[in-house]
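Going from the sequence shown to the working numbering is simple: count from 1 and add 1234. A virtual CB, placed ideally from N, CA and C, is assigned to each residue, including glycine. Computed from a prediction, not measured in an experiment: that's the story for all the values here.
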Amino acid sequence: MTSATNNLNRAERDGDSRSFPDPYSLSTPEGAEGWEEMYGYHNRFLPGRQAEDSAKTWFRNSLHFPEVSYPFDQSVIDGSFTGTGVTNTRVFALPPAKGLDVRVINGYTYMSALPSPDAEEQARRAEEFAQRAGYYFQNWDSLYEEWVGRVTEAIRGVGALEVPALSEFEPLERVISDRGPTQGNQLLSAYHRLLEYGDQIWTLHSEFLNLGYTAYLQFLTLCKENFPEIDDQTISRMVSGVDVLLFRPDDELRKLAVRAEELGVGDAVLAATEVEGLNASLGATDAGRQWLDALEEAKDPWFNFSYGSGMYHSHRSWIDDLKMPLQGIGDYIGRLRAGEDLTRPIEKVAAERDEIVEQYRALLDEDVIEAFDHALQLSRTVFPYVENHNFYVEHWFMTNFWNKVREFSARFVQWGFWENIEDIFFLRRAEVEEAIYDLQMAWGAGGTPQGGFHWPAIIAKRKGIYEVLSAWNPPPALGPVPGEVNEPLTIMLWGITPETVERWLAAQEGNASSTVLEGFAGSPGVAEGPARVVLRPDQLDTVQHGEILVAPVTSPSWTPVFGRIRGAVSDIGGIMCHAAIVSREYELPAVVGIGFGTSTIKTGQWVRVDGDKGVVTILDEAPATTSTAAATDSPAL
């Protein structure tokens, strides 16, 4: 047990009154009054549950939901937590864990783990788990292939959904032959079908994910039992070097850069900042058209890659906005011309991985080696899914989902409900259904819908509330200080540990260090450089060569900027978060889960990222012998 855990337990025994803010004590920021109507009742802290909810510790889920959630986007929060909960509790019966309670306050998402089953219940669940999980582990590859088919079918299904045109008359052939539902009926049916896809995708999301983490946890536990001093980063490196789909979009950019140089159109690609410019400069030559064909081939599916977590409609994808991928291609062209090898160091990472494995395996007793080999092999088998699901669901599916919602909104804009296609996201999903009923009635009767007289004022008010809430600083946790933090996924994925809780308390009490920030050693290596604080994906184009990226959380789709930076720092995340995994594969020093990096570090400050120790240090100034474009002791990309 760590010293921080001892401190927390001692504080609990001694009646220490330290706590995070009570959720019911938080006030509404001025100008955001009425924010509650933007979210369903099941998402809010309700007065009738105050005694129960105030007694629980709530952690802010800034890993997946770092920003204020739009009313419609709340459907993703509901779906993702439902998928996790039902998979843990009802499908596989994980012995030690159920799901999470979820609440939204002032637009931000908080979660609290439901109580673990008692010993007797865990034993009963273990029998169920052994049968269910055992079947999956024994048939992993074939079941995973089937899963890919089901998810791909859902993605294509969303894309194929037809939003009826609501034409003046029903098509004659429908009157003569089909005699079925009208376009108005089909509008409601298609919307329901879209919500069904959105609801079911999150169960698919968690189907293999939690089992993947379970397999990795078994390997981690075995390593800790036999090597008490081993750190989590070393264990994670034993299963690294396995190619995953999350790297494929960036690989496509590298290939497009190489192809541009081969065809002699690199200068034209460098000069273009948008697709229109590309078509104008490249469409007139055979070489240019060949490159444009290669670009089109890469887009589906690899450009269905959200600029953020995929959980927000506002984080558009590469396929919607080519600014980032074009910038990435341009960076790679520059590196090619500088004589760099763009090949990702998969073989090097794999060789280092195998060397680490052999070093530790040689220290094991003979009777443990077989269990070690089995646990390691299972971890490597399931590891690709732990990342691949993210591309299929959060990126590819959600890109299509958000864009299909926009198709529905376009119909409402056509009928005068609101002015901007993006305005639909300021309605809750149930309110969109109300608007459909209004449109059905008006279209069917040949009248004017009520929506144009109802929704604009509500949308305008909610836009104002959203802006106010976006400027509010949400606390990292709510409620009493936990006696201990020992749930493995909370630690590995979100980076919430007893030490994390202590740092949050120190910051709350004004005792936090302003120059040394501690977190998780996400990816090995040490780097120095000027900081670049990026709070939102639309700020990524400000990142310059040689800088240290500092963000609330990084997205896998940010990998094109990794060629420009010397190190990465994130406020949230543990050793198995996407930022840590991607950084390790790209040999980029990273420290994750430092808590207050974006609010402590300022753009331009010289910082040192120690990815071996998990420490970020704010230095007074750049060393006299080091240029701002140079790193110290960090692997070259």
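(request) Using 10 angstroms around the beta-carbon of Ser1251, count the other beta-carbons present and answer buried if the total reaches 16, otherwise exposed. (result) exposed
(message) I need the DSSP call for Glu1781, collapsed to helix, strand or coil.
(response) strand
(message) Going by the DSSP bridge assignment, what does Pro1764 pair with across the sheet?
(response) Trp1840
(request) Starting from Met1345, follow its DSSP beta bridges and name the residues at the other end. (result) Phe1293, Val1336
(request) Go ahead and pull the three-state DSSP assignment for Val1803. (result) DSSP places Val1803 in strand when its eight states are reduced to three.
(request) Taking Ser1789 and Tyr1541 to be in contact with their CB atoms under 8 Å, please state how far apart those CB atoms are, rounded to whole angstroms. (result) 7 Å
(request) Tell me whether the beta-carbon of Ile1835 lies closer than 8 Å to the beta-carbon of Ile1852. (result) Going by C-beta atoms, Ile1835 is nearer than 8 Å to Ile1852.
(request) Determine the contact status of Gly1808 and Gly1729, defining contact as a CB-CB distance below 8 Å. (result) For Gly1808 and Gly1729, yes; Cβs fall inside 8 Å.
(message) Rounding to the nearest angstrom, what Cα-Cα distance links Arg1427 and Gln1674 in this structure?
(response) 17 Å
(message) Can you list, in chain order, the residues of its chain with a C-beta nearer than 7 Å to that of Val1176? Leave out the 5 residues immediately preceding and following it.
(response) No information on residue 1176 is available, as it lies outside the stretch 1235 to 1871 that the chain covers here.
(request) Per DSSP, which residues does Glu1752 bridge with? Please list them. (result) Per DSSP, Val1849.
(message) Taking the straight line between their C-alpha atoms, what separation do you get for Trp1526 and Asp1534?
(response) It is Leu, not Trp, that sits at residue 1526 in the sequence shown. Using only the alpha carbons, I get a separation of about 13 Å.
(message) Could you compute how far the alpha carbon of Phe1635 sits from the alpha carbon of Glu1743?
(response) In a straight line, the C-alpha of Phe1635 is about 43 Å away from that of Glu1743.
(request) Measure the Cβ-Cβ separation of Arg1696 and Pro1305 and say whether it is below 8 Å. (result) Yes, the pair counts as a contact, with Cβ atoms nearer than the cut-off.
(request) Give me the Cα-Cα distance between Phe1293 and Met1345, rounded to the nearest whole angstrom. (result) 5 Å
(message) I need the straight-line Cα distance from Glu1267 to Ala1691, nearest angstrom please.
(response) 15 Å
(message) Using the Cβ count rule (16 or more neighbours within 10 Å means buried), how would you classify Phe1254?
(response) Classification for Phe1254: buried.
(request) Locate the beta strand (DSSP E) running through Val1826, then write down its first and last residues. (result) 1824 to 1826
(request) With DSSP collapsed to three states, give me the class of Ser1251. (result) coil
(request) On the DSSP bridge assignment, give the partners of Pro1714 in chain order. (result) Ser1253
(request) List the whole-angstrom C-beta distance separating Leu1400 from Trp1677, where the pair is believed to meet the contact cut-off of C-beta under 8 Å. (result) 5 Å
(request) Keeping to the same chain, check which residues put their C-beta closer than 8 Å to that of Asn1404; ignore five residues upstream and five downstream. (result) The question names Asn, yet the displayed sequence has Glu at residue 1404. Excluding positions up to five away in sequence, the list reads Thr1416, Gln1417.
(message) On the DSSP bridge list, what partners appear for Ser1551?
(response) Ser1540
(request) Could you tell me the boundaries of the alpha helix (DSSP H) in which Gly1808 lies? (result) That residue, Gly1808, is in no alpha helix (DSSP H); it is neither H nor E in DSSP.
(request) Using a threshold of 8 Å, state whether the C-beta atoms of Gly1756 and Ala1679 are closer than that. (result) no
(request) Check the C-beta distance from Phe1442 over to Trp1381 and give it rounded, since I have them as a contact under 8 Å. (result) 6 Å
(request) Only counting runs of 3 or more residues, tell me where the beta strand (DSSP E) segments fall wholly within the stretch 1263 to 1332, in order along the chain. (result) 1292 to 1294
(request) Return the Cβ separation of Asp1805 and Pro1786 in integer angstroms, given the expectation that the two are a contact with Cβ distance under 8 Å. (result) 5 Å
(request) Could you tell me which residues DSSP pairs with Ser1757 in its beta bridges? (result) Ala1824
(message) Can you check which of these residues, Ile1435, Leu1661, Glu1736, Glu1621, is closest to Ser1474 by C-alpha distance?
(response) Glu1621
(message) I'd like the span of the alpha helix (DSSP H) that includes Glu1441, first residue to last.
(response) Note, Glu1441: alpha helix (DSSP H), 1417 to 1460.
(message) Output needed for Asp1433: all residues of its chain with C-beta closer than 6 Å, excluding positions within five of it in sequence on either side, in chain order.
(response) Gly1313
(message) Cutting at 8 Å between CB atoms, please list the residues of its own chain near Asp1854, excluding the five before and the five after it.
(response) Trp1840
(request) Check whether the Cβ atoms of Val1591 and Leu1610 lie closer than 8 Å to each other. (result) yes
(message) Whole angstroms are fine: how far does the CA of Leu1556 sit from the CA of Leu1490?
(response) 13 Å
(request) Mind checking which residues open and close the alpha helix (DSSP H) that includes Pro1708? (result) Per DSSP, Pro1708 is not a residue of any alpha helix (DSSP H), being assigned neither H nor E.
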